[in-house]
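Working notes for the structure below.
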Amino acid sequence: MGKRGPAPKPLTCIQRFTAFRLVYRNGLTMEQVAEEVQVSRMTLWKWQQREDFAKLYEQEYRNMRQRMRMRWGRRRA
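Residue numbering for the sequence shown follows the numbering used here, starting at 804 and increasing by one per position.
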């Protein structure tokens, strides 16, 4: 069985920024991040369900963890 509907459009600049902002939200809630990028919480949730958005988020999260390991070493709490 094939996919339904047209292929998703590429991520916009604001969607890409939002993925990075979610990684580096510094204690902000999802609602505050949504407000900052001027979208509703539902829109933010829908973006998070997109495969390309989720992949970008996961990649940036891994990059952030790698940078932290390089900077602080592999110390464990």
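Even glycine gets a Cβ: it sits at the ideal position worked out from N, Cα and C.
Q) Roughly how many whole angstroms lie between the Cα atoms of residue 809 and residue 836? A) 29 Å
(Q) Less than 7 Å between C-beta atoms, sequence neighbours within five positions excluded: which residues of the same chain meet that for residue 817? (A) 840
Q.
Going by DSSP in three states, residue 837 sits in which element: helix, strand or coil?
A. helix
Q. Around the C-beta of residue 875, are 16 or more other C-beta atoms found within 10 angstroms, so that it is buried, or is it exposed?
A. exposed
Q: Check whether the Cβ atoms of residue 863 and residue 823 sit closer than 8 Å, and answer yes or no.
A: yes
(Q) Residues in the same chain with beta-carbon distance under 6 Å from residue 830, minus the five sequence neighbours each way, listed in chain order, please. (A) none
(Q) Which of the three DSSP states is assigned to residue 831 in this structure? (A) coil
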